[in-house]
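Per numbering that gives the first Met the number 0, the first sequence starts with residue 0, numbered consecutively.
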Amino acid sequence: MSASVQQLALVDCNNFYVSCERVFRPDLRHTPVVVLSNNDGCVVSRSNEAKALGVKMGQPWFQAQDLAEAHGILALSSNYALYADMSNRVMQILSAFSPRQEVYSIDECFVDLTGMPEPKAIGLQIRERVNAWTGIPVCVGIGPSKTLAKLANHIAKKHPRSPGVFNYNALTPAQQTKLLAQIAASEVWGVGRRLTAQLQAQGIHSVQDLRNAHTPTLRSAFGVVMEKTQRELQGTACMDLEEAPSAKKQIIASRSFGQPVQALPVLQDAVSSFVANACSKLRAQNSQAALIQVFLQTNRFRKDQPQYSPCLAVPLPQATNDSLVLNRWAAALAERMYRPDYLYKKAGVMLSDITPAGQHQTDWLEPTAPTQTPLMHALDQLNQRYGRGTVKVSGQGAYSAWQMKQERKSPNYTTDWQNLPCV
DNA sequence: TCTCCGATTAGAC
DNA sequence: CTAACGGTCTAATCGGAGA
């Protein structure tokens, strides 16, 4: 008896951010809608109608302005509180279908259906239940590896007669070959724009070409990652399901400003807000950092203006996750780099050299600090209960000149009583 | 020559 | 009227510095 093939399902929400908005705005069900990135900069989610009109993923919104006006495309600022909450509901529902689940991103989840009868029927049930309980449409792809589950999901989404679920494992070898020959290699997970071009130059156009390519040649030209991808396409799982999210090795908090900023105190205010943000992520995973970096940036799209993008780091005498301590370092770094004659458009804070909290590289000369001050703990609790930004480190939020543009945000329907829609 | 490390590249979403 | 272009994260690989 041969070992049975893994039945791995990838559940992917359709046009996720737009779908979240539509749950609370059913009137938008048939109008073209897009959701914009932070600062209302780029298009990050599109309804099918918007896609059909030619709005591109990642397109700067101002470039789509004419098209938008001509066709009445509605643009919304991103509402992450809403999307995170809807995502949690979806993932919660999926967890009932299998003991093994990997939340891969805000709108995608791998669910291990190995050993269960009728995986396709389960896929259909997943689709139905998620839609009934949350209003979010999803597609399900099933395959023997993550890469093939992803590809199967793509087929479930794109195939005209698809019921929204596609099981690659149900195909005969001949059907697999025929199908993969019809799909462009660029659809494969891990094959982006650059690699697509390089593969083409080697005569590799379809997924089948890639699956069939001479392995040592592929390996020497493209490295280990591509070899893994090829093996996954051949049906051998090389990537494990990661059920628990692993601790971040690097944490970045940064933002483009709503308008150019010139004054140091405003920059420092922004930076202190980024420190607060990064530190709360750090504490949430129970870690500490031993290196902090701050960077400033002028607007790189303004070729007519002088450019300056400094970045400065300090190794800390002692690893910490204390916002107050890190904020003092960050403010000093910002001051060191600051030059008054520039218009800054973006800044950020980076924490690295991350270790579990409490693991001390003790220094004989430095007194050891407690791993988590009661003050920081209280701050996290309050901000968690009453919303981010309820309690702030002094300096943070004193100036609002840098705040991002968010002119089209929908209400926080699910996370703020004040915003409950009246039925 | 080897090893280490920071910078760069590529990708995902 | 003009200007308007995201944020985080990882792993592999490259290229130079130093041992």
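Cβ coordinates follow ideal geometry from the N, Cα and C atoms, glycine included.
Please read these numbers as outputs of a predicted model, since none were measured by experiment.
Compute the Euclidean distance between the alpha carbons of residue i and residue j, then round it to the nearest angstrom.
i: tyrosine 343; j: tryptophan 401; result: 10 Å
i: glutamate 107; j: lysine 248; result: 22 Å
i: valine 129; j: arginine 99; result: 18 Å
i: phenylalanine 15; j: proline 316; result: 44 Å
i: asparagine 13; j: proline 339; result: 46 Å
i: alanine 155; j: valine 224; result: 26 Å
i: glutamine 91; j: glutamate 334; result: 45 Å
i: phenylalanine 61; j: arginine 230; result: 42 Å
i: alanine 312; j: proline 59; result: 32 Å
i: valine 422; j: asparagine 411; result: Note on valine 422: pLDDT 49, under 50, position unreliable in the model; the coordinate value appears next. Straight-line Cα distance between these residues: approximately 16 Å.
i: leucine 65; j: glutamate 226; result: Looking at the sequence shown, residue 65 is not leucine but aspartate. Going from the Cα of aspartate 65 to the Cα of glutamate 226 covers about 44 Å.
i: histidine 158; j: phenylalanine 300; result: 39 Å
i: serine 409; j: glycine 40; result: 16 Å
i: arginine 210; j: threonine 176; result: 9 Å
i: glycine 142; j: proline 118; result: 10 Å
i: proline 373; j: asparagine 38; result: 35 Å
i: threonine 214; j: tyrosine 103; result: 28 Å
i: serine 399; j: aspartate 303; result: 26 Å
i: threonine 195; j: leucine 150; result: 16 Å
i: histidine 376; j: asparagine 382; result: 10 Å
i: leucine 93; j: valine 137; result: 11 Å
i: glutamine 258; j: leucine 73; result: 23 Å
i: threonine 413; j: tyrosine 307; result: 41 Å
i: proline 305; j: valine 274; result: 27 Å
i: serine 97; j: glycine 222; result: 34 Å
i: alanine 67; j: isoleucine 251; result: 33 Å
i: asparagine 285; j: alanine 212; result: 45 Å
i: leucine 350; j: glutamine 405; result: 27 Å
Does the Cβ-Cβ distance between residue i and residue j come in under 9 Å?
i: valine 34; j: valine 22; result: no
i: leucine 290; j: methionine 336; result: no
i: threonine 171; j: glutamine 5; result: no
i: valine 348; j: asparagine 276; result: yes
i: alanine 80; j: aspartate 415; result: yes
i: alanine 269; j: alanine 346; result: yes
i: glycine 140; j: leucine 9; result: yes
i: serine 255; j: methionine 403; result: yes
i: alanine 49; j: proline 31; result: yes
i: alanine 183; j: histidine 204; result: yes
i: glutamine 292; j: leucine 332; result: yes
i: alanine 180; j: glutamine 207; result: yes
i: threonine 228; j: glycine 189; result: yes
i: serine 86; j: serine 36; result: no
i: alanine 283; j: aspartate 352; result: no
i: leucine 232; j: valine 187; result: yes
i: arginine 88; j: tryptophan 132; result: yes
i: proline 355; j: alanine 246; result: yes
i: asparagine 326; j: serine 271; result: yes
i: alanine 200; j: glutamine 267; result: no
i: serine 46; j: glycine 134; result: no
i: leucine 27; j: arginine 407; result: no
Along the chain, where does the beta strand (DSSP E) that runs through residue i open and close?
i: tyrosine 343; result: 343 to 355
i: cysteine 108; result: 107 to 111
i: cysteine 310; result: 310 to 319
i: isoleucine 154; result: That residue, isoleucine 154, is in no beta strand (DSSP E); its alpha helix (DSSP H) goes 145 to 157.
i: leucine 7; result: 7 to 12
i: alanine 333; result: Counting along the chain, alanine 333 falls outside any beta strand (DSSP E), though it belongs to the alpha helix (DSSP H) covering 322 to 336.
i: leucine 73; result: 73 to 76
i: valine 164; result: 164 to 166
i: valine 102; result: 100 to 104
i: serine 44; result: 42 to 45
i: leucine 240; result: First-last for leucine 240: undefined, no H or E at that position.
i: leucine 35; result: 32 to 35
Can you tell me where the alpha helix (DSSP H) holding residue i begins and where it ends?
i: threonine 195; result: 192 to 200
i: phenylalanine 273; result: 263 to 283
i: threonine 297; result: Segment 286 to 297 is the beta strand (DSSP E) holding threonine 297; no alpha helix (DSSP H) there.
i: alanine 252; result: Note, alanine 252: premise wrong, no alpha helix (DSSP H); beta strand (DSSP E) at 250 to 260.
i: glycine 140; result: No alpha helix (DSSP H) holds glycine 140; the beta strand (DSSP E) holding it covers 137 to 142.
i: phenylalanine 15; result: 15 to 23
i: leucine 123; result: 118 to 133
i: leucine 179; result: 172 to 180
i: leucine 66; result: 64 to 70
Whole-angstrom Cβ separation of residue i and residue j, contact assumed at under 8 Å?
i: aspartate 11; j: asparagine 168; result: Not confirmed; about 18 Å, so no contact.
i: aspartate 111; j: leucine 7; result: 6 Å
i: histidine 70; j: leucine 52; result: 5 Å
Tell me whether the stretch 227 to 243 and the stretch 140 to 151 touch, counting them as touching only if at least three CB pairs, one residue from each stretch, are closer than 8 Å.
Yes, the stretch 227 to 243 touches the stretch 140 to 151.
So does the stretch 154 to 165 actually touch the stretch 117 to 128, counting three or more Cβ pairs closer than 8 Å?
Yes, since at least three Cβ pairs between the stretch 154 to 165 and the stretch 117 to 128 fall closer than 8 Å, the two stretches touch.
Do three or more CB pairs link the stretch 320 to 327 to the stretch 272 to 286 at distances below 8 Å?
Taking a cut-off of 8 Å on C-beta distances, the stretch 320 to 327 touches the stretch 272 to 286, as three or more cross pairs fall below it.
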